[in-house]
Structures are given as structure tokens and as C-alpha cells.
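Here is the structure we will look at.
Structure (C-alpha cells):
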């Protein structure tokens, strides 16, 4: 036995301790299932055994299924029938058998129990949870595009009711002990050192090991003959449609599990649950969510970190420029325990930058996330200043000043006269080539780009831009710093627009181009949202102001001279800024009007400025254009070695600008659509709308060879190079 | 094909569909039976000549379940040989019932039949029969189900009808209905409803508010904002992505009234008329049904009208009067605009906004109303249509003889 131990005491109480050898957490592996089934049979078959306690020998109870294994069988790698069997085995042979074998089982939950781990606890006849606030329980399967396929939906619904079970299953959130008790997820909460005793006490009372739904006369929900069920089921699908835009299959499957399942006898209900699980497992969305959102997100940066550089730490950080970005960077650093020198040209500006952290922490204190003392401790680390001398001792300086080469150069020079010779200098620029900025540095090999996203406290992505002269040590130290502040890095090579800005621009440009072609603005915005993008391109442009992408284009025009090619949205930007004079929200209006009372609506003048065509394209075509233009640009970035890892490109798109998570990212989207189909659609779009849709040669070659971006191998951490 | 003639029609007055409504104490079956009794009594009818009674009922559960038509036949002391059938085409059920009864006659399956409907909305709960179409999550999700109020507001948004526009339509409906009652235009059709001891407890439609004004209506809050915000606006926009946001303009004052009521239309062939000594008043010329887009759900009347005219070899010019159920103001306004109709010949005596819409009975009521109006004005041809749940629509053309 490698996943658990089994012993019986003098009172005939068996103790099953989950403790997977060589693993940091217990997971529901095939090995575990075999061993736990054997343990159940031992308890069931031995008349000397009165009942069993299930607990864990690790800090956590059980984490659920092994996502790294799940991702290898998801998305079409196995058949529906195989997926059904995969779900039924732990559900029936393990949990259901335990529940009906005639001996009582109690879960002594000593730590985190999520997913399959909590399903095991739910299948026990009694649950005791320790009162550590970190010992959370929950069923987060929806967040990876699945559902609890071992009885979790059916037991939860019967134990606490459909109304209370539904939000827990649809959000997948973790519930701390006090709330778990109040909701009925567990039966008792006790101090950790009393956990096993509480479990024993319950067993020694010789409890009846029959669940409510196995008692004769247990009534089904009544389905649509029950007005309470009618109310929930006639309203909830709309909410799910609103939240998922029909792109995520799991939430509606969960709703049907509750609806149909609670109508059926328990064993049939478990079969239904497994059938829904099977469909979800075979859906590419689950694979995409897991691969990009969990596995590759966790791996990000690890492959890129140069191996032979010792681990480092930043204790003192210089942030130059206390604007929105600088104040956000100062905040996350201070929270991570780093001292921050926050410098600006006036003390008022610098102080305002600290205000940002003060306001944020005040809110968190009000929500009991920090105590006042903790918040003050964090704030004490941020020191606003106008004096460059205060930068002494900083291992890392990040400049987040105005996007202007001359201004950045000045700041760089002044800072470097104070910083130690070993210090690293980073620029938060989103568009100016690192090579250009490094020219003003005395130590270009220690110059790097660290492009944060706004708002820094909520956007975990940082684009790490390696200049031609940036050395490996600088890269390694930068990645170590990002690990300190718990950010997800993507390492890219220096070029105009790097990766994220460059690809993101194609999205907003395409939106403007669609408008110019006569597509209704509401259709453009709704198509973006229907694709799963959080905000439409026109609304986004108003937020950042149209001046931003215009400036980027103008910079490129100046720098590239004759080589410059006008992007597809050039005319729209020019007209909005110079003729129509509606630059964006900050200036009173752009593509939208922003009335005094709040809210916004599309500016009616758009119909005159960009007259809509009589024939509108179908939603699907607008959707495809907005998504595929980004995927194509990502392929070009790979071709040009701006980004070198497929996983990096996908992770940073999802984290950086909200590229729809259900696609798994711009390259994963191509795999999901299918290479030949994607190329064919792009050829059609190119013929109709312009050469920017012409698939790169590399992509055509991939389609011809059947060479997917994520080849179907069992090695999930392999990242295909361009 | 044998002609199916309309010999007579009768209806109860429409009571307010709430516990304080005058007909709340009258069971659904009693409402239906009183109409059947009235048709028999005022025509001195030998009920054994009637082959079938087809009644619409849009919520056929509880006391309205179990084939209320047949139960009403027996309760009304009709001959035992009269059959009985309940049909369900949501709000178009009673018109469908008339069409079904006519079809039996036209095909020779029956000599006489009554088509009608009944609905006691005060004694049931709206949506009592729920159904998979709106409440089975997989079905509702797949079909982008949205409640009809949302559909009405989407029509208003798509067609550019403002709050003032729809309210103005409602004011006019109230004005016409009040005038029609004042001039006694409903007197022949309406049979007073009597209680257990024979007292008349209602002899007029009581939902009317003749003093309705634009200012009064403007005070009402739109009814479907909360539903829209609960996700249904997004569902509608996912179906109609050219909409930026749904304009919510409908409320209780410009939507059909919730009421209790029953109606019946006595149909028969020529032989039946001769046997019972009755003169035919009109002929059922043609009828049909259609399905349309289920998210808005209310857009079928235009399509079913066009389908029916084409099948009949007729055009809009051949129709003297139109009767389209006022499910919501925007429904009728879209219909008139799409077919370029003169509002003067559409719902000339008001409609459900003023008078109420007893779901399973309205189709027969408005058919009777328009027949009376054809006779009053000495006009010839009318078209009756209703939108119905899940995108359905039914239409019937009648012509006087």
C-alpha cells in the first residue's frame, strides 16, 4: 500500500490514514482508488471491525484528482464510454460501496479537502472538521470545466438542498470551517487535537450506517411538479447563459445534474452525474482550462529561469514614478514584505502613490482580510520621496514613468548614479523597445523590461522583456523577484510591442476596422463578449483613450520610416482624434457617451460617422475575426521568436488581457478549432477583409503536417518551440 | 370540402384575475359550463346534435386539468354523446379550438361542434403547468428561453417604440373598449355569470379603466427590469446582438390584463343549421398556425397572417377588420407597421390591454367580437390572430354569409 495505511484498534475501530508516498498532497489516483476499495472491503468483511475513521497523514486531507493526469485524458483523448467508466469507478465501487457496506465511516478532516477529497468526506456517514481556518472544504471542479463526478453533486443536493448546493457547485469556492458547519457541509468542528477522538466518540455510539436517501420512503424532489424547483430551474439557466455566454459547458451540466439527479433514485442519479462528467471530460474546454489556467500557469517562468544562477531576494525595491502602475507595484511589493522607496518628482505625487495602498488596505481591513496592525506594518514599508539618494541599497529599481524615451532616460541616469553596481534596472514600459531604453543605462546587461498590468494588485501577469544585452543573471534575479511578489512571469524577447501589447493591439484595431466597414457597433461589442472577452474593443478603447494605440502607431511610423505599414484601424483613430475629436472616456466621450448619472451607451453619432451597412455579418463571423486576428499575430510572434514557448503565449494571453479562458489561449484556440479548419477560415477572411488574415507559412505547414501546438503526448509540461 | 358556419357565439364577462375579482368564486368548469348552457338555451339547441366541444385552456392542471371540455359538457347537462377535448396552444388555444372544431366539420367528421376556451387566472398560478420549455434547464438553455415580457420589450427595442409610444397605444385601447361597452356593442355576446343561488355576480368586463391617461400610465414602473437583470436581457441580446441594451417599456397598463373568462363558438354545417332551425352568420374561410422565433416568442402574427393569406389566395386588401390579441402593446404596433395597416381597422373595440386576456379563452372571444363588429358595420371579412408561447401563432379568416 503506497497511498494509505490501515490499522484496527482494540475497540474494533479501523483507522485509514491517507498518506501518498512521494507526494506532497493526497490525490485521487488510480492507485489510491484500488487501495481504498480494498480498505473498504476489509472494513465491510471483518466482523470484528465496527467502523472506520478516514483521516490524512499530511497537512491537508485530500486535494482531489491529479490535474496533470486528468489533462492527458481530457478533450477527446478517451471516449465517452471510457470517461463514464472513469467516473463511475470511484463513484460506485469506492464511495457508494463505502456508504452502503453496512459499517459506519467517519471523515476526520484534518486539513484542506477539495474536489474528490471532499467527495470522499461527503460519502462518509459523518464528517468532523478541524477548526483551523485554513482547513477549507469545497467542490471546485467547475473551475476546471468539470463537475464532482463521484457523487458530490447528488450528496450535496440531498444533504443541504438544491438552493444551497447550487451556488457552491457553480462557484466552486472554498468554505472555511465555521461556515462549513453552518451550511451543513460537515457535522462537527473541533480543535485539531480532538479530531480523532471526536470521530471515535461518534463511532462508539454505534450509529446507523444508512444515509437518508437509502431509507425506504425517501421522496424525490418531484421535479417540475414542485414549485420551488420550477422557480430555480426557470431562472438559473438565464444567469448561467449571462455568465458563460454558452462558452463553458460545466455550469449548465451541474444544473441539470441537480435537476434530473434529485428526481431519480440514488444509484440512477450517480449514473446521470457520471454521464454529465463524461461529456465534460471529453470536451476540449476542460482540457483548455486545466492546461493553461492551472498546469501551465503554475509552470510559467520555471523553464525560463537560467539554471546556474543562485536564488536571490529583493529586500529593498525602488519604484520610480508614483502613477497608477508605480503605486500598484509598490503595493504588491510591500504586501510581500519588501521595503519600497516610492519616488516621484513632487512629494505630493509620491504621497498620492502611497495613498493608493492606504485605500486598498483600508478596504481589506474593513473586510477582515488584514488586521489594522498588519495593514500598518505593510504601509510602513512604503516610503514616498523625491530624493534619489534614498534609492541607496535597492537591489532592484523599476521605473514606471511617462512613456517617453527622453524622460525615461533621465530617470534611469539619475537612479543609476545612486544604485549599487550590482543593482538591476527594470522598465515597466509597455511599448518602447528595451534596447532603445537600455542605451541610457550605464549597465545595459542589467537592464530588463518588467511590464506589469493594471490594476497590479489584481493582474498576476508580468511580461519579462529580455533585451539583446540583458544577461542571464539579470533574468534570473528578475524572475526570483516576481516569485517573491507571487506574479506569473512570461519571458519574451525584445521587439516592438513585445508580445502582449502587440497582440492586444490587433484586437482593438480589428474592432475599429469592423466599425469602419459598417458593422453595427453593438454587434461588435456583443461579439467580443460572446467570445468570452470581458469587454468590447470600443469600450476598451474609450478606457485607455484612443490616443494610446494612436501613439503606438505613430511611434512605429517614425521609427520604421519607409518600412512602416499602416494598420487597419489607422483611419478610424485619425478621424476619432482629429476630426470627430472624441478621444475617450477621460475626455468626456469616445465611442461611448458617459452621462452624468452614470453608466454608458454607444454614442449615437457613430451612425453618421460610420454608417452601418444594410447587411450585417453574422455574429459568428465578427467573433471569429476578433479572436483569430489575435491568434494569427501570436503565431507571428512565435515565428519571430518574440515568444518562444507555446504555453507562455497562451498563459499570458489569458492572464494578461483576458483572452477567453475556455479557449486555453490564442494558440490553444487554433488546436481547438482544428488546424485545417482554422487555416480555411482565415483564408476566407483574408479574401474578404484583408491580408492580415493570411495564415503564416508556419501555420500552413503545421496544418499540412497535422502538427498541433499541443501534441497529444502524456508529457504535459512539454512546450512546443516555434 | 364542407363549409363550417358560425351560428352563434357567447362569452362570459371577464373578471379581474385576482382573489378580489368578481369571478374568483366561480370554478373554471362552471365558467365553461355556463357558456355552454347559454349557447344551448338561447338557440333552443338539441345538444345531441353537437358532436364535439373543443376548449382551449392554457394551464390545464388542477381544476383545469383532466380535459375540462368534456367535464364541462357533462356539467352543462349536454347530451352524453357530446364528446369533449381540451387543446393547448398557449394564448392561441381558443382560436385553435375553433379551428379544430371547424376542421371536423369541413372534413365531414362532425356536423356540429363548439370551439371555445376557458381560463380562470384568479384560481390558478401563472405558469402552473410550467413545462420543460421554460423550466427544464437543458431545454431552456438550448432554446435561449426568455419570459414573454422580455420578448415584448425586445420588440420595442428592435422596432424603436418608446415608452410614450406603447402607452399611447394602451390609452387608445382603453378608449375604444369603454366606447364599445357604452354603446352596448358587447351585449349580444356577453352572458352574465350567475352564482350558486342564481344571482348575477358579473355582467360586464371589469378590468377596464376608462379614465386611463398618458400621465397616469407614465407613473407605472416597467415590469420586467428585474427579470432582465437576472440574466434574461443578456439571453435576449445573445440572440439579438445588434441590441446594445433592452429598453424596458411594458408594464401592467400596456400589457394584457390578467382575468377570468370563458367563451364558445357554435359551428356547424348546413345540415345542422337546417335541423336546428338556425341561420348561419359567417363561414370559417381558412386557418393555419406557424412557429416563429422562441426567444422573443411573440413575433408569429405577421408570419402566420402572410402564410394564411398566401394559402387562401387572398391579400391584405381583402380583409375588412383585423383582430390581433393585445398580448403587449408592442406586439400589435409591430404587426400594424409590418403589414402597413390602418389602425382604425385593427382591434376597433379595444383589446386585452383594456378588457383582459383569459389565456385559454381569448381566441374565441376576439373572434366573436370581430364577427359582431362586421355585422354592425355591414362589412364582410375579418382576420383573427394571436401570438402564443414558445413562438407560436395562429390565424383564422371568417367571412359573413
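Chains as they are written, first to last, in my numbering: chain A, -7 to 714; chain B, 13 to 413.
A virtual CB, placed ideally from N, CA and C, is assigned to each residue, including glycine.
These numbers were taken from a predicted model, which means no experiment stands behind them.
Checklist entry - Using a beta-carbon distance below 7 Å, is residue 222(A) in contact with chain B? => result On the first chain, residue 222(A) is found 230 positions in, with the first residue counted as 1. Chain B contact via Cβ: present.
Checklist entry - Nearest chain B C-beta to residue 226(A) closer than 7 Å, yes or no? => result By one-based count along the first chain, residue 226(A) stands at place 234. Interface residue, yes.
Next on the checklist: So the candidates are 598(A), 578(A), 594(A) and 588(A); which of them puts its Cα closest to the Cα of residue 571(A)?
Outcome noted: In the first chain, counting from the first residue as 1, residue 571(A) sits at position 579. Selected option, being the one with the closest Cα: 598(A).
Item to check | Simplified DSSP assignment, three categories, for residue 3(B) | outcome: Coverage of chain B is limited to positions 13 through 413, which leaves residue 3(B) absent and any answer about it impossible.
Item to check | Cβ-based contacts, 7 Å cut-off: residues of the stretch 501 to 517 of chain A near chain B | outcome: 512, 514 and 515
Checklist entry - In whole angstroms, what is the alpha-carbon distance linking residue 708(A) and residue 699(A)? => result By one-based count along the first chain, residue 708(A) stands at place 716. By one-based count along the first chain, residue 699(A) stands at place 707. Residue placement at residue 708(A) is poorly supported in this model, since its pLDDT is 42, which falls under 50; the coordinates still yield a value, given next. Each residue's Cα considered, the two are about 16 Å apart.
Next on the checklist: Once the 5 residues before and after residue 258(A) are set aside, which same chain residues still bring their CB inside 6 Å of it?
Outcome noted: Reading the first chain from its first residue, position 266 is the one you call residue 258(A). Around residue 258(A): 205.
Item to check | Own chain, CB closer than 8 Å to residue 706(A), minus 5 neighbours either side, in chain order | outcome: In the first chain, the residue the question calls residue 706(A) occupies position 714. For residue 706(A), the predicted model reports a pLDDT of 48, less than 50, meaning its position is unreliable; a value from the coordinates is still stated below. Cβ neighbours of residue 706(A) beyond the five flanking positions: 64.
Next on the checklist: I'd like to know whether the C-beta of residue 533(A) is nearer than 7 Å to at least one C-beta of chain B.
Outcome noted: Stepping through the first chain from its first residue, residue 533(A) is reached at position 541. Residue 533(A) does not count as touching chain B.
Next on the checklist: Strictly below 7 Å CB to CB, what residues from chain A border residue 254(B)?
Outcome noted: Mapped onto the second chain, residue 254(B) falls at position 242. 512, 514, 515 and 608, listed in chain order.
Checklist entry - Is the stretch 375 to 387 of chain A close to the stretch 337 to 355 of chain A, with three or more CB pairs under 8 Å? => result The stretch 375 to 387 of chain A, when compared against the stretch 337 to 355 of chain A, does touch it at the 8 Å Cβ threshold.
Item to check | Partners in chain A for residue 242(B), counting only beta-carbon separations shorter than 7 Å | outcome: Here residue 242(B) refers to the residue found at position 230 when the second chain is read from its first residue. Near residue 242(B) (Cβ distances below 7 Å), the residues of chain A are 227, 230 and 231.
Next on the checklist: DSSP three-state label for residue 485(A), please.
Outcome noted: Translated into positions along the first chain, residue 485(A) becomes position 493. The answer is strand: DSSP assigns residue 485(A) an E or B state.
Checklist entry - Going by the CB atoms, is the gap between residue 137(A) and residue 277(A) shorter than 7 Å? => result By one-based count along the first chain, residue 277(A) stands at place 285. By one-based count along the first chain, residue 137(A) stands at place 145. Closer than 7 Å, so yes.
Checklist entry - Which residue from 696(A), 202(A) and 620(A) puts its Cα closest to that of residue 115(A)? => result Residue 115(A) sits at position 123 when you count from the first residue of the first chain. Out of 696(A), 202(A) and 620(A), 202(A) has the C-alpha closest to the C-alpha of residue 115(A).
Next on the checklist: What residue range does the beta strand (DSSP E) around residue 265(A) cover?
Outcome noted: The residue given as residue 265(A) occupies position 273 in the first chain. Per DSSP, residue 265(A) belongs to no beta strand (DSSP E); it is in the alpha helix (DSSP H), 258 to 273.
Checklist entry - Relative to the C-alpha of residue 541(A), which residue among 124(A), 559(A) and 506(A) is closest? => result The count along the first chain starts at 1 and reaches residue 541(A) at position 549. Here the closest residue by C-alpha is 559(A).
Checklist entry - Nearest CA to the CA of residue 61(B): which residue from 117(B), 245(B), 15(B) and 260(B)? => result Translated into positions along the second chain, residue 61(B) becomes position 49. Selection 117(B), 245(B), 15(B) and 260(B) evaluated against residue 61(B) yields 117(B) as nearest (Cα-Cα).
Checklist entry - Hey, how far is the Cα of residue 323(A) from the Cα of residue 339(B)? => result To locate residue 323(A), count along the first chain from 1; it is residue 331. To locate residue 339(B), count along the second chain from 1; it is residue 327. About 57 Å.
Checklist entry - With respect to the beta strand (DSSP E) encompassing residue 67(B), which residues constitute its N-terminal and C-terminal limits? => result Against the second chain, residue 67(B) aligns to sequence position 55. 64 to 68 is the extent of the beta strand (DSSP E) around residue 67(B).
Item to check | Proximity test, Cβ basis, 7 Å: residue 251(A) and chain B | outcome: One-based indexing of the first chain puts residue 251(A) at position 259. Closer than 7 Å to some Cβ of chain B, the Cβ of residue 251(A) qualifies, so yes.
Next on the checklist: Quick check on this structure: which residue in 537(A), 11(A) and 94(A) has the alpha carbon closest to the alpha carbon of residue 34(A)?
Outcome noted: Here residue 34(A) refers to the residue found at position 42 of the first chain. For the residues 537(A), 11(A) and 94(A), the minimum Cα distance to residue 34(A) belongs to 94(A).
Item to check | Assigned secondary structure, residue 48(A) (DSSP; H/G/I helix, E/B strand, else coil) | outcome: Numbered from 1 along the first chain, position 56 holds the residue referred to as residue 48(A). Correct three-state label for residue 48(A): strand.
Next on the checklist: What are the residues in the stretch 247 to 271 of chain A lying within 9 Å of chain B by C-beta distance?
Outcome noted: 247, 248, 250, 251 and 252
Item to check | residue 40(B) in three-state terms, based on DSSP | outcome: Within the second chain, the letter at position 28 stands for residue 40(B). Residue 40(B): helix per DSSP, three-state reduction.
Item to check | chain A contacts made by the stretch 145 to 172 of chain B, where a contact means CB separation under 8 Å | outcome: 146, 147, 148, 149, 150, 152, 153, 156, 157 and 158
Checklist entry - By DSSP, does residue 394(A) sit in helix, in strand, or in coil? => result As a position in the first chain, residue 394(A) is number 402, starting the count at 1. Note: residue 394(A) maps to coil in three-state DSSP.
Item to check | Other residues of its chain near residue 154(B): CB distance less than 8 Å, five sequence neighbours each side excluded | outcome: Here residue 154(B) refers to the residue found at position 142 of the second chain. Here the set comprises nothing.
Checklist entry - Would residue 594(A) count as contacting chain B if we go by Cβ distances under 7 Å? => result Position 602 of the first chain, counted from the first residue, corresponds to residue 594(A). Yes, contact with chain B.
Checklist entry - With a cut-off of 7 Å, does the C-beta of residue 112(A) fall near any C-beta of chain B? => result As a first step, residue 112(A) is located in the first chain; it is residue number 120 there, counting from the start. Among the residues facing chain B, residue 112(A) is not included, as its CB has no counterpart in that chain under 7 Å away.
Item to check | Cutoff 7 Å: residue 142(B) Cβ touching any chain A Cβ | outcome: Sequence index remark: in the second chain, residue 142(B) carries index 130 (1-based). Judged by the 7 Å Cβ criterion, residue 142(B) is in contact with chain A.
Checklist entry - Is it right to say residue 526(A) is buried, meaning 16 or more other beta carbons lie within 10 angstroms of its own, or is it exposed? => result Reading the first chain from its first residue, position 534 is the one you call residue 526(A). Exposed: under 16 other Cβ atoms inside 10 Å.
Checklist entry - When we look at the beta-carbon of residue 363(B) and count the other beta-carbons within 10 Å, is it buried (16 or more) or exposed? => result Position 351 of the second chain, counting from 1, holds the residue named residue 363(B). Buried: at least 16 other Cβ atoms inside 10 Å.
Checklist entry - Interface residues of chain B around residue 730(A) at Cβ under 8 Å? => result For chain A, the structure presents residues -7 to 714; residue 730(A) sits outside this window and is missing.
Next on the checklist: What does the alpha-carbon distance come out to for the pair residue 473(A) and residue 306(A)?
Outcome noted: The count along the first chain starts at 1 and reaches residue 473(A) at position 481. The count along the first chain starts at 1 and reaches residue 306(A) at position 314. Taking the straight line joining both Cα atoms gives about 6 Å.
Checklist entry - Looking at chain A, which residues of the stretch 205 to 228 of chain B have a Cβ within less than 9 Å of any of its Cβ atoms? => result none
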